[in-house]
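Under this note's numbering, think of the first position of the sequence shown as 115, with each following residue one higher.
Report on one structure; see the data block that follows.
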Amino acid sequence: MLRTPSIRAGAWSVILQAARIGIQTGVFLIYTRALGIAEIGAYSVAFAFAQLALTFVRAGVLETVITSPRSDPEFRTAAVVVSVCFGLAGSATLGALGLALYGLDSEQSSAAYLVALSVLPLVECLGIVPDGELRRSLRFRGIALRTITALSVSAAVSLGALGLGFGAAGLVAFNIAAAVISSALSILMAPVRLRRPRNNDLHLIAGPAVRVALSSLASGSIGPVSQIALGALAGNSAAGAYAVAQRLIALINAVFAEPVRQTALPLLSSSRADLNHQLAAVIRISSLTATILSPLYLGLAATADILLPILLSTNGAAAAPILSVLCFHYVALIISLVTTPLLLAQGRSGKVLSYTTVQALTGMLFAFAAAPAGPLAVAIAYVARAYLLAPLVLRQAYIHGSLRPRLLMQALAPPVASGVVMAMLVVGLRTVLGQWKVDGLAALGVSAFSGVLIYAFVLSILGRPHTRDLLDLAGGRLRL
């Protein structure tokens, strides 16, 4: 069952996501170590606006191309026309915002970056339809290789610009070069034969594309809006510190959490006819996910103030407490990782859209309310919002997916409790190491090694089934 083309495509999709965010985060962290935190913040605010525009431009047309039963040249041409219109609108909006910011930004750095980044929607829109055709035909291996090639070449260009002293403008060059190369390769891999579209093709594409784009914009707006709120209300330095922590969390989520989402949906969809088996799979997936993520997130929360200064010098010290707070959202993340695929497998996509929109709106409100108090307050607000809305997600899963919250909490409790015990003991160990004047790198190594041993020991007592599942997964014997 796990060797179907869709599962293999899902695996390449995970590789694509991890490679994309990994390279982007690596370049960003190199710049963070080399530049001042205020300059990083100015770029991050400008890029947040670009992210919102790119989400709107890309998501709607891409999903319409992937899900439509038509692939004739007339339909593709109509999709290209709609995509170019979206791209022109996105670029014009970013350019106008950048020019407007010149009068508001005292240093004018964010405004200059935003004007330069305004070409991204227009460049990206040219490759959306070919990319949709590649995804519809499940050619994720080619997409992954294309993306890695584009990002690697762009990273080399960007790091060269950094060496020549161009500052954060090199990050702007990185994004533009990646967009140009990726769009060009997409067109070469899946060329579009242009034909005159039929009379109603543009309306058939534009309507659904706008609705999907608005939905994607709502669901993906929390991070960029937080950056914009901090830049506007707390300054570029605050926005830069938050951006560093947010990038690291995004990398961890892509590598360790996203594979759960990618695997859970096809697995739960295949067992739709057997509700009991489906719910048992949800519980098993959630317990295994918590077993893996608990030591990772709680261990990072306990050692961030050692790790980030080693990686990023003084800029890392500013981001460390923010990263520690953001790590505590992981239980709410696990709940979302397993309940969303369950509802989608049950055909309840409308319910997923509803609570995703609620999450986005409350996230934006919390971000703007907390931004005047600084980036740490925004991080606390982000985590608080996640747990305040978790009961809503569980209620939807219970009503429409028959998932009992009590069973899910029982599955999560042993690894979470083990992780909490591990984090508390690691913090105590660090106090002792500090008194003995052990240097940062050695203290990090001792803390990490001791944390793994402590977590494994406590979990073997509190959650023996979780330990067996983890060993079965490592040995390739796990069956859901």
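Don't be surprised by glycine CBs; every beta carbon is placed ideally from N, CA and C.
Note that the structure is a prediction, hence the values are computed from the model and not measured.
- Distance from the CA atom of Val396 to the CA atom of Ala378, rounded to whole angstroms, is 8 Å.
- Proximity of the segment 156-175 to the segment 327-339 meets the contact definition, three or more beta-carbon pairs being nearer than 8 Å.
- Across the structure, Ile420 and Ala484 are spaced so that their CA atoms are roughly 26 Å apart.
- Our two residues, Ala495 and Asn313, have alpha carbons roughly 49 Å apart in a direct line.
- Counting C-beta pairs closer than 8 Å gives fewer than three between the segment 318-326 and the segment 255-266, which falls short of the contact rule.
- Three or more beta-carbon pairs separated by less than 8 Å are not found between the segment 163-171 and the segment 349-365, which leaves the two stretches without contact.
- Taking Val534 as reference, the option from Met478, Lys551, Ala416 with the minimal CA-CA separation is Ala416.
- DSSP places Val267 in the uninterrupted alpha helix (DSSP H) bounded by 254-277.
- If the five residues before and after Ala527 are omitted, its C-beta is found closer than 6 Å to no C-beta atom of its own chain.
- The three-state secondary structure of Gln460, taken from DSSP, is coil.
- The alpha-carbon separation between Ala562 and Leu414 amounts to approximately 9 Å.
- Around the beta carbon of Ser251, fewer than 16 other beta carbons lie within 10 angstroms, which makes this residue exposed.
- The three-state reading of DSSP puts Leu328 in helix, counting H, G and I together.
- Around the CB of Asp388, fewer than 16 other CB atoms lie within 10 Å, so the residue is classed as exposed.
- Going by DSSP, His391 is part of the alpha helix (DSSP H) stretching over 389-440.
- If you draw a straight line from the Cα of Ala371 to the Cα of Val159, it comes to about 26 Å.
- The way I'd put it, the segment 361-368 doesn't touch the segment 501-509; fewer than three beta-carbon pairs between them come closer than 8 Å.
- Under the DSSP assignment, Ser532 falls in the alpha helix (DSSP H) whose first and last residues are 519-549.
- Selection Ala283, Gly565, Ala500, Trp550 evaluated against Ile336 yields Ala500 as nearest (Cα-Cα).
- With fewer than three CB-CB distances shorter than 8 Å, the segment 429-437 does not count as touching the segment 563-580.
- Cβ contact annotation for Ile135 (same chain, cutoff 7 Å, sequence separation greater than five): Ala364, Leu365, Ala368, in chain order.
- Remark: C-beta atoms of Gly554 and Gly345 do not approach each other more closely than 8 Å.
- When the beta-carbon positions are compared, Val452 and Ser400 come within less than 8 Å of each other.
- When DSSP states are grouped into helix, strand and coil, Val233 belongs to the coil group.
- As the crow flies, the alpha-carbon of Val540 is around 39 Å from that of Asn289.
- Annotation for Gly201: Val171, Pro235, Leu236, Glu238, Cys239 place their beta carbon closer than 7 Å to its own, counting only its chain and skipping 5 residues before and after.
- Taking the Cβ atoms as the reference, Gln460 lies roughly 6 Å from His514, within the contact range of under 8 Å.
- Here Thr470 is not near Ser297, since their CB atoms are 8 Å or more apart.
- Nearest neighbour of Val294 by Cα position, chosen from Leu231, Val552, Pro486, Leu248, turns out to be Leu231.
- The three-state secondary structure of Asp583, taken from DSSP, is helix.
- Met303 has its alpha-carbon roughly 8 Å from the corresponding atom of Leu248.
- With at least 16 other beta carbons inside 10 angstroms of its own, Ala525 counts as buried.
- Secondary structure at Tyr501: helix, using DSSP grouped into helix, strand and coil.
- Looking from the CA of Ala210, the closest CA among Val198, Ala226, Ile436 belongs to Ala226.
- For Thr405, the CB contacts under 6 Å within the same chain, skipping 5 residues up- and downstream, are Pro529, His580, Leu584 in chain order.
- Separation of Ile144 and Leu440 (C-alpha to C-alpha, rounded to the nearest whole angstrom) is 21 Å.
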